[in-house]
Amino acid sequence: MWSGDQLIKRMVGGDAASFQPLAQLQPRQMSAKALGSAQVLRIDRRLLDKFLSLANEEVEEKPSSIEVEEFESTGALDWLTSMLQSELFARIPPANIQRLIDTLEAINVTAGEVVIQQGNVGDYYYIVQTGRCEVCRATRAGKQIKLAELGPGDTFGEEALVSNTKRNATVRMLSDGVLGRLTQEHFIELIREPLLRSVSLAKAREMVDAGARWLDVRFPEEHAANGLSRSFNLPLSFLRTRFKELAPEISYVAYCDTGGRSSAAAFLLTQEGYDICFVATSAIDELLTHPIPPIAAPTAAVSPAPAEVPAQATSAQRREAMVDAEVHAQSLAAEVERAHIQIAHAQQLVAEAEAAKREAAEYVAQQVGNERARIQQEEAAVRAKLEEAGRLKNLLEQQHAAASAEAARQRKEHAARAQLAQERIERALQEKEARLEEVFRQQAQQLEQLQVATQQERRSLNDTW
Numbered sequence: 050m051w052s053g054d055q056l057i058k059r060m061v062g063g064d065a066a067s068f069q070p071l072a073q074l075q076p077r078q079m080s081a082k083a084l085g086s087a088q089v090l091r092i093d094r095r096l097l098d099k100f101l102s103l104a105n106e107e108v109e110e111k112p113s114s115i116e117v118e119e120f121e122s123t124g125a126l127d128w129l130t131s132m133l134q135s136e137l138f139a140r141i142p143p144a145n146i147q148r149l150i151d152t153l154e155a156i157n158v159t160a161g162e163v164v165i166q167q168g169n170v171g172d173y174y175y176i177v178q179t180g181r182c183e184v185c186r187a188t189r190a191g192k193q194i195k196l197a198e199l200g201p202g203d204t205f206g207e208e209a210l211v212s213n214t215k216r217n218a219t220v221r222m223l224s225d226g227v228l229g230r231l232t233q234e235h236f237i238e239l240i241r242e243p244l245l246r247s248v249s250l251a252k253a254r255e256m257v258d259a260g261a262r263w264l265d266v267r268f269p270e271e272h273a274a275n276g277l278s279r280s281f282n283l284p285l286s287f288l289r290t291r292f293k294e295l296a297p298e299i300s301y302v303a304y305c306d307t308g309g310r311s312s313a314a315a316f317l318l319t320q321e322g323y324d325i326c327f328v329a330t331s332a333i334d335e336l337l338t339h340p341i342p343p344i345a346a347p348t349a350a351v352s353p354a355p356a357e358v359p360a361q362a363t364s365a366q367r368r369e370a371m372v373d374a375e376v377h378a379q380s381l382a383a384e385v386e387r388a389h390i391q392i393a394h395a396q397q398l399v400a401e402a403e404a405a406k407r408e409a410a411e412y413v414a415q416q417v418g419n420e421r422a423r424i425q426q427e428e429a430a431v432r433a434k435l436e437e438a439g440r441l442k443n444l445l446e447q448q449h450a451a452a453s454a455e456a457a458r459q460r461k462e463h464a465a466r467a468q469l470a471q472e473r474i475e476r477a478l479q480e481k482e483a484r485l486e487e488v489f490r491q492q493a494q495q496l497e498q499l500q501v502a503t504q505q506e507r508r509s510l511n512d513t514w
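Numbering-wise (my numbering), the sequence shown opens with residue 50 and increments by one.
Printed below as a string of structure tokens:
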């Protein structure tokens with residue numbers, strides 16, 4: 050740990066001090082530099098504060114015990130961690146999160162199962178715990194357009210509950226999995242109420258005058274007809290894919306004609322970390338009585354014009370036609386983007402292949418040069434070894450001749466000494482053999498006497514019995 054150029058202390062893993070936070074004062078008073086390979090645990094302060102708040106509330110309510118639930122798989126931790134780290138749950142009071150986790154109902158789902166059907170009334174809010182699912186919307190012609198694919202930690206089903214409208218898309222499982230769901234009542238109580246901010250028309254005007262900006266989430270045709278001055282138009286149906294067009298440092302006030310779409314937009318943008326509220330109910334109608342030409346939204350992907358709708362069509366039918374057109378445009382834009390990605394990927398693969406080819410050629414040339422130099426060095430070394438081997442051969446031949454003469458002389462001497470030794474050994478063996486024969490004769494006599502005595506002893510024992 051360093052403070053400027055001065056070493057303050059050293060931390061070693063496993064020591065008591067290593068289990069304490071490093072330089073936790075804000076702003077940091079010291080810097081830490083690893084002297085070798087190390088593993089460091091890093092925890093998000095906001096997430097830690099939320100867990101500590103949950104723990105404190107649990108202790109206050111049940112001071113005698115704290116219940117800990119052990120997850121059986123890493124998948125359970127993945128969706129929960131992802132959920133708690135999202136902007137949405139970062140803005141919900143810890144007590145609500147605790148109740149939400151306790152209230153969340155886990156249901157098992159299978160691949161192909163329809164969780165939400167387009168056009169049905171909203172009833173549940175869902176969190177993907179394990180598995181994957183797709184979000185599709187059916188056009189009036191019956192064509193299914195895929196809008197998104199969701200995985201662990203993702204949520205869906207909130208728009209119908211927030212705006213109190215019917216489901217605007219179908220969600221179908223792509224694999225077996227587990228979903229957590231909340232009833233509409235629990236969703237409104239635990240998530241919507243603490244998260245959404247509705248303001249009156251007067252308050253909205255004050256906020257805009259103070260620097261906030263109007264956000265019109267109606268269709269472009271509606272916005273062009275009577276959008277507010279200096280308002281930004283981003284239809285609710287495009288909000289998930291185009292929300293990055295909004296400046297995160299600006300506060301927004303969402304509006305529509307009834308408050309339904311604006312409340313859903315406020316919820317979706319709050320999930321993404323934006324500071325936004327919406328005008329309650331239909332109070333915006335008063336503003337639309339004397340509209341001022343709005344500022345057009347930035348140009349996005351080119352959208353095809355909606356199909357012509359008969360003049361006698363109802364407002365709902367016209368709105369449905371515009372939704373279909375925007376969804377179709379969104380699908381086409383996504384396909385174009387996928388095509389661009391595929392082209393970029395192919396170009397990258399070609400560039401990588403060319404680079405690999407050049408690298409391989411350079412490597413081969415380098416290897417050939419290195420191999421040629423190595424062979425030349427080895428050839429020189431072999432010549433030197435051959436010359437040394439010839440010199441050693443001559444020396445060895447001389448030494449061999451001298452050694453052979455010396456060996457012949459020694460063999461003669463050894464043969465004479467061996468002859469004398471052999472004669473002495475033979476005499477010693479003959480003498481020893483004679484002694485052994487005498488000993489054997491004596492032992493044979495003793496054995497014969499012992500056998501006679503044994504037979505007499507047996508006869509005596511037999512007579513006794």
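The C-beta atom is built at its ideal place from N, Cα and C for all residues, glycine as well. Please read all numbers here as calculations on a predicted model, not as lab measurements.
Shortest alpha-carbon distance to residue i belongs to which of the options?
i      : options                           : result
Thr232 : Leu133, Ala477, Asp225 and Ala209 : Ala209
Thr290 : Leu245, Lys195, Lys215 and Glu270 : Lys195
Met60  : Ser80, Arg460 and Arg508          : Ser80
Ser52  : Ser67, Asp64, Gln78 and Gly63     : Gln78
Lys252 : Glu486, Phe327 and Leu317         : Phe327
Phe205 : Gly171, Tyr412 and Glu436         : Gly171
Leu130 : Gly202, Ala410 and Leu277         : Note on identity: in this sequence residue 130 is Thr, with Leu being the wrong assignment. Answer by Cα proximity: Gly202.
Val163 : Arg186, Thr152, Val501 and Asp151 : Arg186
Ala155 : Tyr173, Gly161 and Pro143         : Tyr173
Leu245 : Glu207, Ala457, Asp93 and Arg279  : Glu207
Gly276 : Leu295, Ala296 and Tyr304         : Tyr304
Asn157 : Met222, Lys434, Glu408 and Glu482 : Met222
Would you tell me roughly how many angstroms separate the C-alpha atoms of residue i and residue j, rounded to the nearest one?
i      : j      : result
Ser352 : Leu84  : With a pLDDT of only 43 at Ser352, under the threshold of 50, the placement of this residue in the model should not be trusted, and no figure is reported.
Ala72  : Leu137 : 30 Å
Glu270 : Phe287 : 14 Å
Ala234 : Leu264 : Looking at the sequence provided, one finds Glu at residue 234 rather than Ala. Glu234 and Leu264: Cα-Cα distance of roughly 28 Å.
Pro284 : Val177 : 26 Å
Val302 : Met132 : 26 Å
Gln167 : Ala197 : 15 Å
Ala477 : Ala467 : 15 Å
Ala345 : Glu298 : With a pLDDT of 46 at Ala345, under the threshold of 50, the modelled position of this residue cannot be trusted, and the question is left open.
Leu444 : Ala452 : 12 Å
Gln69  : Gly63  : 11 Å
Arg267 : Val184 : 22 Å
Leu398 : Ser86  : 34 Å
Arg423 : Gln447 : 36 Å
Val117 : Phe292 : Only weak support is given to the placement of Val117: the predicted model assigns it a pLDDT of 43, under 50, and the question is left unresolved by the model.
Glu436 : Gln426 : 16 Å
Ile22  : Ala388 : Shown here, the chain extends from 50 to 514; a query on residue 22 therefore has no answer.
Glu321 : Tyr175 : 17 Å
Pro347 : Glu294 : At Pro347 the pLDDT is 44, less than 50, meaning the model places this residue with poor confidence and gives no usable figure here.
Asn517 : Ala261 : With the chain covering only 50 through 514, there is no way to say anything about residue 517.
Ser212 : Gln391 : 38 Å
Leu317 : Leu250 : 21 Å
Arg310 : Ser247 : 13 Å
Count the other CB atoms within 10 Å of the CB of residue i; is the residue buried (16 or more) or exposed (fewer)?
i      : result
Ser312 : buried
Ile240 : buried
Thr503 : exposed
Pro243 : exposed
His272 : buried
Thr179 : buried
Trp128 : buried
Leu90  : exposed
Ala404 : exposed
Val431 : exposed
Arg216 : buried
Tyr412 : exposed
Arg440 : exposed
Arg473 : exposed
According to DSSP, which residues form a beta bridge with residue i?
i      : result
Tyr175 : Phe205 and Arg230
Trp263 : Val302
Val220 : Ile165 and Val184
Gln55  : Ser52
Ile194 : Arg186
Ile325 : Tyr301
Ala215 : Note that residue 215 is Lys in the sequence shown here, rather than Ala. Answer is Val170.
Ser247 : Phe327
Leu199 : Cys182
Ser80  : Trp51
Gln275 : Just to set this straight, residue 275 is Asn in the shown sequence, not Gln. Answer by DSSP bridge pairing: none, since Asn275 is not bridged.
Asn511 : Asn511 is not bridged to any residue.
Practice problem: Can you check the region 393-465 for any beta strand (DSSP E) of at least 3 residues that lies completely inside it and give the ranges in chain order? | Solution: none
Quiz item: Along the chain, which unbroken stretches of the beta strand (DSSP E) at least 3 residues long are found entirely within the region 141-188?
Solution: 154-158, 163-165, 173-179 and 182-187
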